[in-house]
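Position 271 of the sequence shown, counted from 1, bears residue number 271 in UniProt numbering, the numbering being contiguous throughout. The beta-carbon is built from N, C-alpha and C at its ideal position, and this holds for glycine as well. Here the structure is a predicted model, which means the values were calculated and not measured.
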Amino acid sequence: LLSEEGRSYPVCIFRPSIVISTAKDPIPGWIDNLYGPTGLVTGVQAGVVRSIYCDPDVIADMVPVDLAVNALVCCTRDAYNRIQQDPSTLPIYNYVSSKDNPITWYEFQSKAFDHGVKNPPSRCLWYCFSYMVASKTLHTFLAFMLHYLPGYLFDMMFWATGQPMRLIPIYRRLDRASDALEPFSTQNWTFDNQNVQDTWTRLSSEERDKFPFNIRDLDWDSYMIDYIRGTMIHHLQDSMEPDVRKKALKRYYRLYLCHLLLKGVIIFLIGLLFWSIFCLVLGS
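Have a look at this one:
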């Protein structure tokens, strides 16, 4: 529509990829929503998300919101200058990380888990673990076994004590977030970001310092530390006080032991079931 009707207007198209929490401004790790991967990461931190429908080898095309805003400001000025020279032009700016600083969903999950284990939430429901699966069928099975089945059991206990259901509404919201993310978590996309790169090269040193948006300068390891802290502070309402962190680590270790114990019990019961079937077959 814009290519046909908008060429007589001074407009441009700026398209960022998945927007996540800030890298630096106004504070590192700031975010005010649970859209995209942030909702799933927060769910994993809280111990409620255990299966994620995602191809781990696909590029996770994400950009911090503060860098995206800086890029928008600079690209708008660049578009204005280009339109002044050629009023019929319609500049398109794709601000993405996949071309210049790619990270796969597996790498993103691994970094989030590594930093999350060192700094766990103080009120997580269970030990944090998740399976990233590329099969829709397998994910549906795991979601039923690891999400909805225990979710209904817990919510029945809440209902029996006169409390509202808690887990099932959370899982339904997370399913909607996962569905929205599905096109970008199960297949790779190719974007041309040459206009963004050209805009960066035309900036002066002073402008680059004032409006940094070069995605190549982003260090994902250090960024993920602030990302995890941000989800804990702004979504899980957790505290970073040393005493709280110490208690959280102790509680998380106890949950880990319970997790291992539960896995051992399940493996034992499955083995017992197969042994009983084996004995019945031999007996017949």
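request  = May I ask you to list the residues that DSSP assigns as paired with M62?
outcome  = I18
task = Take H235 as the anchor and find which of H147, D32, T22 has the nearest alpha-carbon.
result = D32
task = Pick out whichever of C258, N195, G230 has its Cα sitting closest to the Cα of A79.
result = N195
ask   = For the alpha helix (DSSP H) that contains M157, what are its first and last residues?
value = Residues 149-160.
inquiry  = If contacts are defined as beta-carbon pairs under 8 Å, then S178 and Y53 qualify, I think. What distance do you get, rounded to the angstrom?
reply    = Indeed they touch by this definition, with Cβ atoms about 6 Å apart.
ask   = Taking the alpha helix (DSSP H) that V196 falls in, what are its first and last residues?
value = Unbroken alpha helix (DSSP H) run through V196: 194-201.
key: First and last residue of the uninterrupted beta strand (DSSP E) at Y131   = 131-133
task = May I ask you to report which of helix, strand or coil DSSP gives I103?
result = coil
message = Buried or exposed for residue 285, going by 16 or more other Cβ atoms inside 10 Å?
response = This structure does not reach residue 285, given that the chain is present from 1 up to 284, and the question cannot be answered.
ask   = Ends of the alpha helix (DSSP H) at I27?
value = It is not in any alpha helix (DSSP H) - I27 carries neither H nor E in the DSSP assignment.
request  = Leaving out five residues on either side along the sequence, give the residues of the same chain with a beta carbon under 7 Å from the beta carbon of V48.
outcome  = L125, L167, I170
query = Per DSSP, what kind of secondary structure is I52 in: helix, strand or coil?
reply = DSSP places I52 in strand when its eight states are reduced to three.
Assigned secondary structure, I31 (DSSP; H/G/I helix, E/B strand, else coil) = Three-state DSSP puts I31 in coil, outside helix and strand.
key: 8 Å contact criterion, which T104 and D61 should meet: CB distance rounded   = Not quite, the Cβ-Cβ distance comes to about 10 Å (not below 8 Å), so this is no contact.
task = Apply the 10 Å Cβ neighbour rule to C279 and answer buried if 16 or more other Cβ atoms are within range, or exposed otherwise.
result = exposed
query = By how many angstroms is the C-alpha of R176 removed from the C-alpha of Y152?
reply = 18 Å
query = What residues in its chain sit with their C-beta under 7 Å from that of N214, if we drop five residues either side in the sequence?
reply = W200
query = Whole beta strand (DSSP E) runs in the segment 161-236 with 3 or more residues, listed along the chain?
reply = Listed in chain order, nothing qualifies, since the segment 161-236 has no complete beta strand (DSSP E) run of 3 or more residues.
message = Tell me which residues share the same chain as K210 and place their Cβ nearer than 8 Å to its Cβ, disregarding the 5 neighbours each side in the sequence.
response = none
request  = Could you name the residues of the same chain whose beta carbon sits closer than 6 Å to that of A71, not counting the 5 residues immediately before and after it, in chain order?
outcome  = Y95, F213
inquiry  = If you follow the beta strand (DSSP E) that N119 is in, where does it begin and where does it stop?
reply    = Here N119 belongs to no beta strand (DSSP E), and DSSP marks it neither H nor E.
task = Would you mind working out which of A248, L262, F129 sits nearest R123, comparing C-alpha positions?
result = A248
Euclidean distance between Cα positions of K263 and R229 = 29 Å
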